[in-house]
Structures are given as structure tokens and as C-alpha cells.
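Mapping the sequence shown onto the UniProt record's numbering, position 120 (from 1) lands on 120, and the numbers just tick up by one.
From the three backbone atoms N, C-alpha and C, an ideal C-beta is built for every residue, glycine too.
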Amino acid sequence: MKKIAGLYRLEKKISSRPVEKIRQWRQRYARPILEELWSWLEEQEPQCSPGKALHKAIAYALSHRVELSRFLEDGAVPLDNNVCERAIKNVVLGRKSWLFAGSQMAGERAAQIMSLLETAKRNGLEPHAWLTDVLMRLPEWPEERLAELLPLEGFTFSG
């Protein structure tokens, strides 16, 4: 836990820096911490009882080593995906309710709409205003330009 806490302390120090500086700091300071963590996990895995929670957690981490190390190579990639997990929390919590959406397709549509609304929030757009604007434009909007209506950074409201 101390090694992981060290990674988060480093991230807190460098979070406001330019992406390239973050990458450089991660290469210099986070990489050695992470390499120590991988070594420690490799030492611990054989000592854990197979099937136990700790063994499963260590095996999972080791089997996803590349993915869990990706943040070292790109300063724009966050250390964790907590922001995304918080954004989809409502979608996940609503899953049981959507069983009663009327059909599989209706549940899928509800999930798609929720995903778009959460994406709007994440990109600094007010979801209701974005959806209202898009629904007003959609009937006349050219199909080949639909991507322009996505709730992404740079979206321009009409009028």
C-alpha cells in the first residue's frame, strides 16, 4: 500500500504540469516505484493460497501489468480510472431498474442515453441543455455530420 500511496503522492505533485512534463516525471520517479511493486507482487504470489482473495488480486494485477503501467508512457493517461467509474456509477446502479424497461432494446437505449448524458457532464455541458439543443437540430441535420452533435469538448450550441 505504501508503494501505491507513493504513486498517488507523485501524481498530486505533478497533476498541474504539462502532459510531457508529467510523462518525464513518471518515467523518472513513478517507474522505479512501480517496478518495485511488480517485484514484490511476484515474490508474494507463490506464498498466497490459490483461490483466496489476496492471491486473486495479485494474479489479476500481474496479468494486467501492461495495462496498469500504461500511464507511465503518456502524461495524459490518468493513474487510475476513478473519474470514469464515478461517471458511470448511476448507469451501473440503474441496471436493475432497466430490467423493467419493457424490452432488452429499451434497456439498451436507456443505457445509451445515460452514457451520452454522463459524457455531456464530463465535458462541461449541461446535459438537459445539450439534449434539448440536439433534439431540436436532429430532424434537419445531415447524417454524415452526426458526430458534430456528440457531447464532446468543443460542442457548439445553436443560436
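_Within 8 Å, do at least three Cβ pairs link the stretch 106 to 123 to the stretch 136 to 146?_
no
*The alpha helix (DSSP H) enclosing K3, as first and last residue numbers*: Counting from one through the sequence shown, the residue named residue 3 turns up at place 3. Start and end: 2 to 14.
*Helix or strand or just coil, what does DSSP make of V77?*
Indexing the sequence shown from 1 puts residue 77 at position 77. Coil.
*In whole angstroms, what is the alpha-carbon distance linking V66 and G6?*
As a working mapping, residue 66 is identified with position 66 in the sequence shown. As a working mapping, residue 6 is identified with position 6 in the sequence shown. Cα-Cα distance, rounded: 20 Å.
*W40 lies in the alpha helix (DSSP H); which residues open and close that run?*
Position 40 of the sequence shown holds residue 40. That run of the alpha helix (DSSP H) goes 31 to 44.
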